[in-house]
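Below is one structure, written out as structure tokens, with a few remarks after it.
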Amino acid sequence: MTKQLTGVGIGLKAQHYNEILDRKPEIDWFEVHPENYMGEGGLPHKYLRQISDIYPLSMHGVGLSLGSADGISETHLAALKKVVKRYQPALVSEHLSWSHWNKIFLNDLLPIPYNHEALHIVVSNIQQVQNTLERQILIENPSAYLGFQQSDMPETEFLRNIVAQIHCGLLLDINNVYVSANNQHYSATDYIDNYPLHAVGEIHLAGHTKEIIDNETVLIDDHGSAITDEVWQLFQYTLNKLPHHVPVLIEWDTDIPELDTLVSETIKANHYLQSLPFSQTVKPAL
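Heads up: the sequence shown begins at 6 in our numbering, then just goes up one per residue.
Here you go:
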């Protein structure tokens, strides 16, 4: 039976497996990358099965390549379906990006232009994934460093068009909004104002770093540090506008700290959630 997600979760990391099972910390749920569990057996499955018996799961993919013009890899999609069927996560999500072309796979999440040609490709690919998995998925807004001359609509309009054309949900990454807005010199709050918040099924929070490139400050979405005050402020701004409660994830994927550090971040996020007005409704499970 699928457990529903509420509150704040963290990404499940191998170095925390034993401590989680020994301590059973007060964490609401865990997110996993399904690509890490596409093998048939071994220790990853042993631990994930035990942990999933205690905690709800969300699966956040990195390999579907929804923006690829040559379509979805049937092999990867079949492997994803098998993992999803095995663990029955409450939510399944993927990035708005591409990572393969002509059977060449790249170890990155690459951006797409925001135009009608790309929109048609993305919608078609999402439809194939949802039909295969027999469930809705959430699509995450990317972190961006440059824009495309070929884009003829803003990112928020592109996402609205996806939601309008196909019945999928959205994963709103607050850190990605902040990083992209600073790198491309637009307002993060204006982005939230124009985002289709009614379709949000999950929120991500993460840290970032600053680099100086050609005498300009560039924010790097590295998920390797604590969430900044500015991102917490944007999170609060977003919560005040959301029409419903959604589960929130603390992402920390590089320079992974002790489990207690991650638990502290979840406590902080829960304080923000508890400040929400009671009039907000709970979003139904996708």
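Yeah, the Cβ is synthetic: ideal placement off N, Cα and C, and Gly gets one too. Quantities reported herein were computed from a predicted structural model and do not represent experimental measurements.
### Query
Can you name, in chain order, every residue of its own chain whose Cβ lies under 7 Å from the Cβ of residue 37, other than the five neighbours on each side?
Start at 1 with the first residue of the sequence shown, and residue 37 comes out as number 32. 17, 53, 62, 64.
### Message
Suppose the cutoff is 8 Å on Cβ atoms and the five residues either side in sequence are ignored; what does the same chain contact list for residue 284 look like?
### Response
On the sequence shown, position 279 is the one that residue 284 refers to. With a pLDDT of 47 at residue 284, under the threshold of 50, the modelled position of this residue cannot be trusted, and the question is left open.
### Task
Within its chain, find whatever has a CB closer than 7 Å to the CB of residue 163; leave out the 5 residues flanking it on each side and keep chain order.
Walking along the sequence shown from the start, residue 163 turns up at place 158. So the list reads 119, 124, once near-sequence residues are dropped.
### Query
For residue 59, which three-state DSSP category applies?
As a position in the sequence shown, residue 59 is number 54, starting the count at 1. If DSSP states are grouped into helix, strand and coil, residue 59 belongs with coil.
### Those runs of the alpha helix (DSSP H) which lie wholly inside the region 186 to 267 and span at least 4 residues
193 to 199, 234 to 246
### Query
Relative to the C-alpha of residue 126, which residue among 29, 77, 82, 94 is closest?
Translated into the one-based positions of the sequence shown, residue 126 becomes position 121. Taking only the C-alpha atoms, the option nearest residue 126 is 77.
### Assigned secondary structure, residue 163 (DSSP; H/G/I helix, E/B strand, else coil)
The sequence position of residue 163 within the sequence shown is 158, counting from 1. In the structure shown, residue 163 sits in a helix (DSSP, three-state: H, G or I).
### Query
Counting pairs of beta carbons, one from the region 202 to 221 and one from the region 179 to 187, are three or more of them closer than 8 Å?
yes
### Query
Once you ignore the five residues that flank residue 55 on each side, which residues in its own chain have a CB closer than 7 Å to its CB?
On the sequence shown, residue 55 is found 50 positions in, with the first residue counted as 1. Correct list, in chain order: 26.
### Query
Between residue 174 and residue 204, is the Cβ-Cβ spacing less than 8 Å?
As a position in the sequence shown, residue 174 is number 169, starting the count at 1. As a position in the sequence shown, residue 204 is number 199, starting the count at 1. Yes. Within cutoff.
### Burial state of residue 35, where buried means 16 or more other Cβ atoms lie within 10 Å
On the sequence shown, position 30 is the one that residue 35 refers to. Buried: at least 16 other Cβ atoms inside 10 Å.
### Message
Please classify residue 21 as buried or exposed, where buried requires at least 16 neighbouring CB atoms within 10 angstroms.
### Response
Here residue 21 is taken as the residue at index 16 of the sequence shown, counted from 1. So residue 21 counts as buried.
### Message
Using 8 Å for Cβ pairs, my map puts residue 101 next to residue 147. What's the rounded Cβ distance?
### Response
Position 96 of the sequence shown, counted from the first residue, corresponds to residue 101. Position 142 of the sequence shown, counted from the first residue, corresponds to residue 147. Confirmed, Cβ separation roughly 5 Å.
### Task
Give me the Cα-Cα distance between residue 108 and residue 44, rounded to the nearest whole angstrom.
Here residue 108 refers to the residue found at position 103 when the sequence shown is read from its first residue. Here residue 44 refers to the residue found at position 39 when the sequence shown is read from its first residue. The straight-line gap from Cα to Cα measures roughly 20 Å.
#### Entry: Within the region 40 to 116, ranges of the beta strand (DSSP E) (whole runs, at least 3 residues)
62 to 65, 96 to 100, 103 to 106, 109 to 115
### Query
From residue 11 to residue 199, what distance separates their C-alpha atoms?
Counted from its first residue, the sequence shown places residue 11 at position 6. Counted from its first residue, the sequence shown places residue 199 at position 194. Going from the Cα of residue 11 to the Cα of residue 199 covers about 25 Å.
### Query
Taking the alpha carbon of residue 201 as the point to measure from, which residue in 42, 143, 253, 188 has its own alpha carbon closest?
Stepping through the sequence shown from its first residue, residue 201 is reached at position 196. Checked all of 42, 143, 253, 188; the closest Cα to residue 201 is 143.
### Task
Answer with buried or exposed for residue 248, where buried requires no fewer than 16 other C-beta atoms within 10 angstroms of its C-beta.
Translated into the one-based positions of the sequence shown, residue 248 becomes position 243. By the neighbour-count rule (16 or more Cβ atoms within 10 Å), residue 248 is not buried but exposed.
### Query
Rounded to whole angstroms, how far is the Cβ of residue 242 from the Cβ of residue 194, which I believe are closer than 8 Å?
The residue labelled residue 242 in the question sits at position 237 within the sequence shown. The residue labelled residue 194 in the question sits at position 189 within the sequence shown. So it is a contact: roughly 6 Å between Cβ atoms.
### Query
The beta strand (DSSP E) spanning residue 36 covers which residue range?
In the sequence shown, residue 36 corresponds to position 31, counting from 1. Residue 36 -> beta strand (DSSP E) spans 34 to 37.
### Query
Would you call the CB atoms of residue 103 and residue 57 closer than 8 Å?
Within the sequence shown, residue 103 is the residue found at index 98, counting from 1. Within the sequence shown, residue 57 is the residue found at index 52, counting from 1. Contact flag unset, no.
### Task
Let me know the secondary structure DSSP gives residue 27 once reduced to three states.
Within the sequence shown, the letter at position 22 stands for residue 27. The answer is helix: DSSP assigns residue 27 an H, G or I state.
### Rounded separation between residue 41 and residue 121 - CA only
Residue 41 sits at position 36 when you count from the first residue of the sequence shown. Residue 121 sits at position 116 when you count from the first residue of the sequence shown. For residue 41 and residue 121, the distance between alpha carbons rounds to 33 Å.
### Query
Under a Cβ-count criterion, where at least 16 other Cβ atoms within 10 Å of its own Cβ denotes burial, should residue 271 be classed as buried or exposed?
Here residue 271 refers to the residue found at position 266 of the sequence shown. Flag for residue 271 reads buried.
#### Entry: Where the alpha helix (DSSP H) through residue 138 begins and ends
In the sequence shown, counting from the first residue as 1, residue 138 sits at position 133. Looking at the DSSP string, the run of the alpha helix (DSSP H) that includes residue 138 is 121 to 138.
### Query
Would you report the Cα separation of residue 268 and residue 155, rounded to the nearest angstrom?
As a working note, residue 268 is residue 263 in the sequence shown. As a working note, residue 155 is residue 150 in the sequence shown. Rounded to the nearest angstrom, the two C-alpha atoms are 42 Å apart.
### Query
Are the beta-carbon atoms belonging to residue 138 and residue 168 less than 8 Å from one another?
The residue given as residue 138 occupies position 133 in the sequence shown. The residue given as residue 168 occupies position 163 in the sequence shown. Not a contact, by the Cβ cut-off of 8 Å.
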